[in-house]
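**Q** Sharing a structure below in structure tokens format, with a few things to ask.
Protein chains: 2
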Amino acid sequence: MELRKDPITTSWVIFEDSETEPSNGGECLLCPGHEEVSAGIYTVPYGNPDWQVRVVPHLHPLYRIEGDAMRRGEGLYDKMRNLGAHEIVVETPQHDLQLSGQTPENIAQVLRAYVARLADLKQDRRFKYITVFRNQGEAAGQDLAHPHSEITATPFVPRRMRYELRSAQRHYDLKERCVICDIVRQELTQEVRTVASDDRYIAFCPFASRVPYETWILPLYHHCCFEEDLNSWDSQLRLARFIKNVLLRIETVSPAYHLVLHSAPNTNAKFEQAGYWKTLAEDYHWHFEILPVLTSKSKSYSLKEVYYNSMVPERAAKELRAAVIRSAAESS
Amino acid sequence: MELRKDPITTSWVIFEDSETEPSNGGECLLCPGHEEVSAGIYTVPYGNPDWQVRVVPHLHPLYRIEGDAMRRGEGLYDKMRNLGAHEIVVETPQHDLQLSGQTPENIAQVLRAYVARLADLKQDRRFKYITVFRNQGEAAGQDLAHPHSEITATPFVPRRMRYELRSAQRHYDLKERCVICDIVRQELTQEVRTVASDDRYIAFCPFASRVPYETWILPLYHHCCFEEDLNSWDSQLRLARFIKNVLLRIETVSPAYHLVLHSAPNTNAKFEQAGYWKTLAEDYHWHFEILPVLTSKSKSYSLKEVYYNSMVPERAAKELRAAVIRSAAESS
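For the protein sequence lines, the chains are B and C, in the order given.
Residue numbering for the first sequence follows my numbering, beginning at 3 and increasing consecutively.
Residue numbering for the second sequence follows my numbering, beginning at 3 and increasing consecutively.
Next comes the structure, spelled out in structure tokens:
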């Protein structure tokens, strides 16, 4: 495997030169009873064989943790080794219980696992960016059937994050305010794109949603860094309840989705420009982006240069607000 | 329909708020005998009812040509009307004859239609960018069965093009050379990613290909603007032969693909910054990008923030070079 940089867009592409797709054969290796396959990096409850949440190295990792990135040129081009980390958060011992169906307490344990792993991986100065994502459903590329999230640490900041961070910094330079705080304020005033909110979090369909039912979840207050913000059981439990509610709504329109954490890059890492992140704590605001995968709607138009969306977010948000979700009492 | 700007990435998203998918019912409205459905914008041979190539307005256009963009704010957000043009190039009267199967002469007529429409649409100063693309196969979003290309004119430069143009300008500022000429020179030296070449054109799989078998077609000599470069029948015919050869190779691995023209923006349009395109003629280089759609390979991993590719372009190019294509004599 190798990472290559597009000389024009400066985006990194990961290459795996194989014709075979990863397959875990018949039995699920993430179910209890297969703990010997991969050593647990993190287990809850600690040291208890009857674990509830477990973090293990990915069985077919995109990134490998050993050694140096060996970033080098090849004439005009840039490449490096696939240095990084790729971990799986096994969210529950139960093979068929998706995240939205779990208790708020268990979801909070999953969030706590994210926090622990993000904090730990940020100790490694080789990694510039660490994130968590969750592909649910075959249409969204879920490749292991057992409910899980993935964590990746990379020696570069992914292109979309880089643009987002720069854009937030530019807004701060101009206004001395966080752009995402400004967005939250406008969403709270206009209300038409809000999916759910309480005194701590808001979920809304962004103004320029890329896909139908795109939804962001974020704190109403300002904080740039997920794992520093979510450092208490109380905050983990409150966010867990909120996420559960939003996911149940999303699943009434699409069982398949991507969920991606956007949070501050690793400020322990060495960056090219000194002072690159000088206002990061003030200018950036962590959030989850949920991108439902509606195959029938997204197929109709695929010009890659311009996003096409068949629904305005006001209507999407309205439907999600009105969605009848099964365990409403438990999830609110 | 409406265009909205993502306040963070500054990318425009087009919205169509409808639940029904465009459908052309039973009969194909692009076949001969339905000329009354839409007035021809361009016809070859001119005025002859037995046309060979025809350009018509799109039956379900994403953009509408009348009026003003009415670009306006809504608090923090920006939006505008879906001003623009959306045309269909009907490539042949034959319903089942894809572009690669047509004679070089007919393909040259299709290229001539592109040239004529691009030149004409650039007279309209409201349009900042005009492009041609071709979605072939259901997996690539081909929505009308009859072989056709599409032309769009937009009141903005699409995000990927903007980055590409800026990146080319930065390279030129630094080196006083065109970045794409530099890439061509390296590809000709290294040879490992070349798919085909003659004394005028090259086709290669780019170093950081986003999908397996991604292929670019471009002139070996420097020229920023497709329709100014391809202004003679001789050049149209030579490019037609070259494209036919490359498409036949692509189709041995994937019947479905996107083909997109990247060419200079409309310098007649009014841009925000004066002198924005001051070195455009020297720094940019037109090209076609072909993105095959291999559903089985692309499904396995869908983290949107980093491109994932299961094949190095050296191997892709090697396979394409070695591909046994049916009408080799005719297409070379």
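Cβ coordinates follow ideal geometry from the N, Cα and C atoms, glycine included.
#1: Where does T191 of chain B fall in DSSP's three states?
#2: From which residue to which residue does the beta strand (DSSP E) around Y259 of chain C run?
#3: Could you give the first and the last residue of the continuous beta strand (DSSP E) run that contains L7 of chain C?
#4: Verify the CB distance criterion: does R6 of chain C have a CB-CB separation below 7 Å to chain B?
#5: Does the CB of Y165 of chain B have a neighbour CB from chain C at under 7 Å?
#6: From what residue to what residue does the beta strand (DSSP E) around S199 of chain C run?
#7: Would you identify the three-state DSSP class for Y289 of chain B, choosing helix, strand or coil?
#8: Check each candidate in B:D236, B:E230 and B:R243 and name the one with the smallest Cα separation from I219 of chain B.
#9: What separation, rounded to the nearest whole angstrom, lies between the Cα atoms of V295 of chain B and A318 of chain B?
#10: Does any C-beta atom of chain C lie closer than 7 Å to the C-beta of T11 of chain B?
#11: For Q188 of chain C, return the contacting residues in chain B, with the cut-off set at a CB-CB distance below 7 Å.
#12: Determine the chain C residues that contact V181 of chain B at a beta-carbon separation under 7 Å, and present them in chain order.
#13: Are the segment 124-143 of chain B and the segment 254-273 of chain B touching, with three or more C-beta to C-beta distances below 8 Å?
#14: Please report whether the beta-carbon of R114 of chain C lies at a distance below 7 Å from any beta-carbon of chain B.
#15: Short of 8 Å Cβ to Cβ, which residues in the segment 99-112 of chain C face chain B?
#16: Please name the residue, chosen from B:Q188, B:R251, B:L85 and B:L113, that lies closest to G75 of chain C on a Cα-to-Cα basis.
#17: So, with DSSP's three-state summary, where would you put Y223 of chain B?
#18: Which same chain residues, not among the five before or five after V15 of chain C, have their C-beta less than 6 Å away from its C-beta?
#19: Below 8 Å, can you find three or more Cβ-Cβ pairs linking the segment 100-118 of chain B to the segment 44-51 of chain B?
#20: Strictly below 8 Å CB to CB, what residues from chain A border D184 of chain C?
#21: By the DSSP assignment, the beta strand (DSSP E) with F206 of chain B in it spans what residues?
#22: Using a C-beta cutoff of 7 Å, does L305 of chain B count as contacting chain C?
#23: Who pairs with V186 of chain B in a beta bridge, going by DSSP?
#24: Residues of chain B with a CB under 7 Å from the CB of R128 of chain C: which are they?
#25: Given that a residue counts as buried once 16 or more other Cβ atoms are within 10 Å of its Cβ, and exposed if not, what is V186 of chain B?
#26: Do K246 of chain C and S151 of chain C have their beta-carbon atoms positioned less than 7 Å apart in this structure?
#27: Quick one: Cα of T105 of chain C to Cα of V91 of chain C, how far?
#28: Report the neighbours of S234 of chain B on chain C: residues whose CB is nearer than 9 Å to its CB, in chain order.
#29: Roughly how many angstroms lie between the CA atoms of P214 of chain C and Y174 of chain C, to the nearest whole one?
#30: Considering just the uninterrupted stretch of the alpha helix (DSSP H) at H173 of chain B, what are its terminal residues?
#31: Between the alpha carbons of S211 of chain B and D8 of chain C, how many angstroms are there, rounded?
#32: So, is the C-beta of S199 of chain C closer than 7 Å to a C-beta in chain B?
#33: For H60 of chain B and A87 of chain B, what's the separation of their Cα atoms in angstroms?
#34: Can you list, in chain order, the residues of the segment 139-154 of chain B whose Cβ is nearer than 7 Å to any Cβ on chain C?
#35: Near H225 of chain B, which residues of its chain fall below 8 Å by C-beta distance, leaving aside the five closest residues on each side in sequence?
#36: Can you name, in chain order, every residue of its own chain whose Cβ lies under 8 Å from the Cβ of S169 of chain B, other than the five neighbours on each side?
**A** The short version:
#1: As a first step, residue 191 of chain B is located in the first sequence; it is residue number 189 there, counting from the start. The three-state secondary structure of T191 of chain B, taken from DSSP, is helix.
#2: On the second sequence, residue 259 of chain C is found 257 positions in, with the first residue counted as 1. In this chain, the beta strand (DSSP E) harbouring Y259 of chain C covers Y259 to H264.
#3: Here the question's residue 7 of chain C lines up with position 5 in the second sequence. According to the sequence shown, residue 7 of chain C is Lys rather than Leu. From DSSP, the beta strand (DSSP E) with K7 of chain C extends over E4 to K7.
#4: Reading the second sequence from its first residue, position 4 is the one you call residue 6 of chain C. Closer than 7 Å to some Cβ of chain B, the Cβ of R6 of chain C qualifies, so yes.
#5: By one-based count along the first sequence, residue 165 of chain B stands at place 163. Yes, because at least one Cβ of chain C sits closer than 7 Å to the Cβ of Y165 of chain B.
#6: Counted from its first residue, the second sequence places residue 199 of chain C at position 197. Start and end: T196 to S199.
#7: Taking the first residue of the first sequence as position 1, residue 289 of chain B is located at position 287. Inspection of the sequence shows that residue 289 of chain B is occupied by His rather than by Tyr. Here H289 of chain B sits in strand by DSSP.
#8: Counted from its first residue, the first sequence places residue 219 of chain B at position 217. Measuring from the Cα of I219 of chain B, the nearest candidate turns out to be B:R243.
#9: Position 293 of the first sequence, counting from 1, holds the residue named residue 295 of chain B. Position 316 of the first sequence, counting from 1, holds the residue named residue 318 of chain B. Spanning the two alpha carbons is a distance of roughly 14 Å.
#10: Taking the first residue of the first sequence as position 1, residue 11 of chain B is located at position 9. The beta carbon of T11 of chain B falls within 7 Å of a beta carbon belonging to chain C, placing the residue at that interface.
#11: Numbered from its first residue, the second sequence carries residue 188 of chain C at position 186. For the C-beta of Q188 of chain C, the chain B residues within less than 7 Å are, from N- to C-terminus, G77 and L78.
#12: Taking the first sequence and counting its residues from 1, one reaches residue 181 of chain B at position 179. Neighbours of V181 of chain B on chain C, chain order: P9 and I10.
#13: Between the segment 124-143 of chain B and the segment 254-273 of chain B, the count of Cβ pairs shorter than 8 Å is three or higher; the stretches touch.
#14: Within the second sequence, numbered from 1, the residue matching residue 114 of chain C stands at position 112. For R114 of chain C, the closest Cβ of chain B is not nearer than 7 Å.
#15: Residues of the segment 99-112 of chain C with a C-beta less than 8 Å from any C-beta of chain B: none at all.
#16: Numbered from its first residue, the second sequence carries residue 75 of chain C at position 73. Among B:Q188, B:R251, B:L85 and B:L113, the Cα nearest to that of G75 of chain C is on B:Q188.
#17: Taking the first residue of the first sequence as position 1, residue 223 of chain B is located at position 221. In the structure shown, Y223 of chain B sits in coil (DSSP, three-state: anything other than H, G, I, E or B).
#18: Locating residue 15 of chain C in the second sequence gives position 13, where the first residue counts as 1. Excluding residues within five positions, the ones whose Cβ falls inside 6 Å are R6.
#19: Using a C-beta cut-off of 8 Å, the segment 100-118 of chain B makes contact with the segment 44-51 of chain B, since at least three inter-stretch Cβ pairs fall below that distance.
#20: Chain labels in this structure do not include chain A; the protein chains are B and C.
#21: Walking along the first sequence from the start, residue 206 of chain B turns up at place 204. Membership of F206 of chain B in the beta strand (DSSP E) is indicated by the continuous run Y203 to F206.
#22: Position 303 of the first sequence, counted from the start, is the residue given in the question as residue 305 of chain B. Summary for L305 of chain B: the model assigns pLDDT 39, below 50, so the residue's position carries little reliability, and this model does not support an answer.
#23: Along the first sequence, one-based indexing puts residue 186 of chain B at 184. Residue pairing by DSSP places V186 of chain B opposite no residue, since no beta bridge is assigned to it.
#24: Walking along the second sequence from the start, residue 128 of chain C turns up at place 126. Correct list: empty, because the minimum Cβ distance to chain B is about 17 Å.
#25: As a working mapping, residue 186 of chain B is identified with position 184 in the first sequence. Classified as buried, V186 of chain B has 16 or more neighbouring CB atoms from the shown chains inside 10 Å of its CB.
#26: The sequence position of residue 151 of chain C within the second sequence is 149, counting from 1. The sequence position of residue 246 of chain C within the second sequence is 244, counting from 1. The Cβ atoms of S151 of chain C and K246 of chain C do not sit closer than 7 Å to each other.
#27: By 1-based counting over the second sequence, the position of residue 105 of chain C is 103. By 1-based counting over the second sequence, the position of residue 91 of chain C is 89. If you draw a straight line from the Cα of T105 of chain C to the Cα of V91 of chain C, it comes to about 17 Å.
#28: Locating residue 234 of chain B in the first sequence gives position 232, counting from the first residue. Residues of chain C passing the Cβ test: none, with the nearest at roughly 28 Å.
#29: Taking the first residue of the second sequence as position 1, residue 214 of chain C is located at position 212. Taking the first residue of the second sequence as position 1, residue 174 of chain C is located at position 172. Spanning the two alpha carbons is a distance of roughly 30 Å.
#30: Residue 173 of chain B sits at position 171 when you count from the first residue of the first sequence. For H173 of chain B, the enclosing alpha helix (DSSP H) covers residues R161 to K177.
#31: Position 209 of the first sequence, counted from the first residue, corresponds to residue 211 of chain B. Position 6 of the second sequence, counted from the first residue, corresponds to residue 8 of chain C. In a straight line, the C-alpha of S211 of chain B is about 8 Å away from that of D8 of chain C.
#32: Taking the second sequence and counting its residues from 1, the one referred to as residue 199 of chain C is at position 197. Chain B contact via Cβ: absent.
#33: On the first sequence, position 58 is the one that residue 60 of chain B refers to. On the first sequence, position 85 is the one that residue 87 of chain B refers to. The alpha-carbon separation between H60 of chain B and A87 of chain B amounts to approximately 9 Å.
#34: With the criterion set as a beta carbon lying under 7 Å from some beta carbon of chain C, the members of the segment 139-154 of chain B are A142, G143 and D145, in sequence order.
#35: One-based indexing of the first sequence puts residue 225 of chain B at position 223. Closer than 8 Å at Cβ, skipping near neighbours: D231, H287 and W288.
#36: Within the first sequence, numbered from 1, the residue matching residue 169 of chain B stands at position 167. Same-chain partners within the cutoff: V181.
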